[in-house]
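Everything on this sheet refers to the single structure shown next.
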Amino acid sequence: MIEPAAVTSDPGPLEGSFDLDAAVAIGLKNDSRLLSAEQDHVIAQQRLSEARFEFLPEFGLQASAAKFDARYPVAFSPELGNTLGFPRGSSFNPAGSENIYSGRGYMNFPIYEGGRSINTLRLAQAALKQAQSNYDTVKKDVVQTVKEAFSRLLMAQEKSAAMTEMVSEAQRMVAALSLNPWERIEVEGLGEKSRHWAAEAVRELTVRRLEFLKALNKELDTPFRVTGRLEPQSVEVDPQKAMLWAMELRPELQSETYKAEMDAIAVNLAISRRYPTLFLAGDYGVTDQHFPLLNNNWDVGVGIKLPFTYDFLTKLRQRRAEQRQGQLKRAALQDQVRLEVRQACEQLAYWRQEAGLRGQEYGAVSGIYEKAAPASVASLGKLRALMTVIEMRLSYLEAVTEQALVRVRLERAVGRDLAP
-17 MIEPAAVTSD PGPLEGSFDL DAAVAIGLKN DSRLLSAEQD HVIAQQRLSE ARFEFLPEFG
43 LQASAAKFDA RYPVAFSPEL GNTLGFPRGS SFNPAGSENI YSGRGYMNFP IYEGGRSINT
103 LRLAQAALKQ AQSNYDTVKK DVVQTVKEAF SRLLMAQEKS AAMTEMVSEA QRMVAALSLN
163 PWERIEVEGL GEKSRHWAAE AVRELTVRRL EFLKALNKEL DTPFRVTGRL EPQSVEVDPQ
223 KAMLWAMELR PELQSETYKA EMDAIAVNLA ISRRYPTLFL AGDYGVTDQH FPLLNNNWDV
283 GVGIKLPFTY DFLTKLRQRR AEQRQGQLKR AALQDQVRLE VRQACEQLAY WRQEAGLRGQ
343 EYGAVSGIYE KAAPASVASL GKLRALMTVI EMRLSYLEAV TEQALVRVRL ERAVGRDLAP
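Written out as structure tokens, the structure is:
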């Protein structure tokens, strides 16, 4: 189990020190995918506000001033208020004015639209919930990535430290032994093998440090260290209970549920295109060729629009096909989640047993070596025993690391942290 440990010494002004909680916090703060998902949530909130505005009447003001010269009565463009201009000297323009001014206030309120407004609102509400689920999905992915990178880096640090100490001892023994040529060949081979282990540990540590910095989205040349311990875990999870947790808590499944709701609403919107629209409209305007504007007009009325669309059936079939496609995708995702949970539970049980057995074997063998080593001189048998201890140490670290990684994957699969 990874247990965050406190910093015991000053890391220096240019060095950062991370435990697991700090690493996860930095990863969540810096990850571009999570920041983008957060903006998707903001966009969905604003679209919900827009959908609510559809239930309010539309109000507006319009003012215009125009200069004209007409020999016959002329209607101005809609941008100028659809006003009429008359020739100079006519009964409507006896003063011969070449200017006309107008102001207008208007209102338009749809009374009935076949459910389009309410369905648009419901669609925006479902989209907001889906955006939140998508955000939670990305967040859990980031946490998993950081935890896995942290576990692998801890393993690489412990492996490098162990190899440095043990390989140095092996190299000293190789130099001190006086053997015949055949034994010397074997000894040199064991020494070279230990050197390979040390070089591989250093290379792996470098790779894991870069992976960890990438998971935190920090500069790859940032000096830092991580603190913590790798220990066997005692977590046991009932696969059936884990399956229920996953079906209830996985944000991906919740997102698909909201997607199904959105697909059903989209079908209703497609159907509503054949319904008429009933609306209430009115306006009040003043128009004159000089100030003050004394001539006024007003109107209030109720209207109906009956749409005739050629693509009604094609849109409806398209939405229903998308709805069916979402159902198939949701069923496939549920099967995938069940598989992930079952695999993670089985692997956790396997590595829990392996870590315990390998830890016992390593502890017994290293205990025997430590008791016998101070009293014995350098020998081929002692070198062989040291190489065995090194191999068992590596095997034990591998099992503990795999157990920690599988736990992270299981937590991601069920959508919640597991109690120790």
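Counting from 1, position 155 in the sequence shown corresponds to residue 137 in our numbering; the numbering is continuous, with no gaps.
Ideal Cβ placement from N, Cα and C applies to all residues, glycine included.
All of these numbers come straight from a predicted model, not from anything done at the bench.
Taking the straight line between their C-alpha atoms, what separation do you get for ASP414 and PHE35? This structure gives no information on residue 414, because the portion of the chain shown stretches from -17 to 402.
Quick check: what's the CA-CA separation for HIS23 versus TYR117? Taking the straight line from one Cα to the other gives about 8 Å.
Distance, Cα to Cα, ALA386 vs VAL396? A straight-line Cα-Cα distance of about 16 Å links ALA386 and VAL396.
Which of the three DSSP states, helix, strand or coil, is assigned to ILE(-16)? Its pLDDT being 37, under 50, ILE(-16) is placed unreliably in this model, and the value from its coordinates should be taken loosely. DSSP places ILE(-16) in strand when its eight states are reduced to three.
Buried/exposed call for GLY363, threshold 16 Cβ in 10 Å: So GLY363 counts as exposed.
DSSP state of ASP3 mapped onto helix, strand, coil: Three-state result, ASP3: helix.
Which term fits GLN21, buried or exposed, when burial requires 16 or more other beta carbons within 10 angstroms of its beta carbon? Burial call: exposed.
Any C-beta of chain B under 8 Å from that of LEU212: As a matter of chain content, chain B is missing from the structure shown, which is built from one protein chain.
One question on the structure: do ARG312 and VAL249 come within less than 8 Å of each other, judged by their Cβ atoms? Contact flag unset, no.
Report the residue from GLN27, PHE37, ASN81 whose alpha carbon sits nearest the alpha carbon of PHE50. Comparing Cα positions, the closest option is ASN81.
Is it right to say THR470 is buried, meaning 16 or more other beta carbons lie within 10 angstroms of its own, or is it exposed? This structure does not reach residue 470, given that the chain is present from -17 up to 402, and the question cannot be answered.
Roughly how many whole angstroms lie between the Cα atoms of PRO163 and ALA381? Here the C-alpha atom of PRO163 lies approximately 38 Å from the C-alpha atom of ALA381.
Helix, strand or coil for GLU95 per DSSP? Assigned with DSSP and collapsed to three states, GLU95 falls in coil, not helix or strand.
Is VAL149 near ALA197, with beta carbons less than 8 Å apart? Contact: no.
Close Cβ partners of ARG320 (< 7 Å) along its chain, the five nearest in sequence each way excluded: So the list reads MET225, once near-sequence residues are dropped.
Since ASN250 is in the alpha helix (DSSP H), which residue starts that stretch and which ends it? Here the alpha helix (DSSP H) through ASN250 covers 233 to 254.
Name the residue from ALA252, LYS297, LEU288, GLN126 whose alpha carbon lies nearest to the alpha carbon of LEU2. It is GLN126 whose Cα lies nearest to the Cα of LEU2.
Which residues in the same chain have their Cβ closer than 6 Å to the Cβ of GLY42, if we skip the five residues on either side of it in sequence? When the five nearest sequence neighbours on each side are left out, the beta carbons in the same chain lying within less than 6 Å of the beta carbon of GLY42 are those of TYR88, in order along the chain.
Which listed residue (TYR83, ALA5, ALA52, PRO55) has its alpha carbon closest to that of HIS272: The option with the nearest alpha carbon to HIS272 is TYR83.
Assign ALA77 to one of three DSSP states: helix, strand, or coil. It is coil, neither helix nor strand.
Can you tell me which of ILE247, LEU365, GLY283 puts its alpha carbon nearest to the alpha carbon of ARG104? By alpha-carbon distance to ARG104, the top candidate from ILE247, LEU365, GLY283 is ILE247.
Examine the Cβ distances between the stretch 184 to 201 and the stretch 282 to 298 and report whether three or more of them are shorter than 8 Å. The answer is no - the stretch 282 to 298 does not touch the stretch 184 to 201, with fewer than three Cβ pairs under 8 Å.
Give the DSSP-derived three-state secondary structure of GLU36 in the structure shown. In this structure, GLU36 counts as coil in the three-state DSSP scheme.
Contacting residues, own chain, Cβ-Cβ under 6 Å from LYS410 (five flanking each side not counted): Residue numbering for the chain in the displayed model covers -17 to 402; residue 410 lies beyond these limits and cannot be assessed.
Alpha-carbon to alpha-carbon, VAL219 and SER377: Between the alpha carbons of SER377 and VAL219 lies a gap of roughly 25 Å.
Roughly how many angstroms separate the alpha carbons of TYR94 and GLN44, rounded to a whole number? Distance between the alpha carbons of TYR94 and GLN44 is about 26 Å.
Taking the C-alpha atoms as reference points, what is the distance between ALA337 and VAL390? Cα atoms of ALA337 and VAL390: separation of roughly 16 Å, rounded to the nearest angstrom.
Under 8 Å by Cβ, that's how I've got LYS297 and ARG255 pegged, so tell me the actual separation to the nearest angstrom. Cβ-Cβ separation between LYS297 and ARG255: approximately 7 Å, consistent with a contact (criterion under 8 Å).
GLY267 - containing beta strand (DSSP E), residue span: Looking at the DSSP string, the run of the beta strand (DSSP E) that includes GLY267 is 259 to 270.
Here's the rule: buried if 16 or more other CB atoms are within 10 angstroms of the residue's CB, otherwise exposed. What is ALA181? Counting Cβ neighbours within 10 Å, ALA181 comes out exposed, since fewer than 16 surround it.
Quick one: measure Cβ to Cβ for PRO69 and ARG53, integer angstroms, because I've assumed they're closer than 8 Å. Beta-carbon to beta-carbon, PRO69 and ARG53 are separated by about 5 Å, close enough to satisfy the 8 Å threshold.
Cβ neighbour criterion (16 or more within 10 Å) applied to GLY63: Looking at its Cβ environment, which holds 16 or more other Cβ atoms inside 10 Å, GLY63 is buried.
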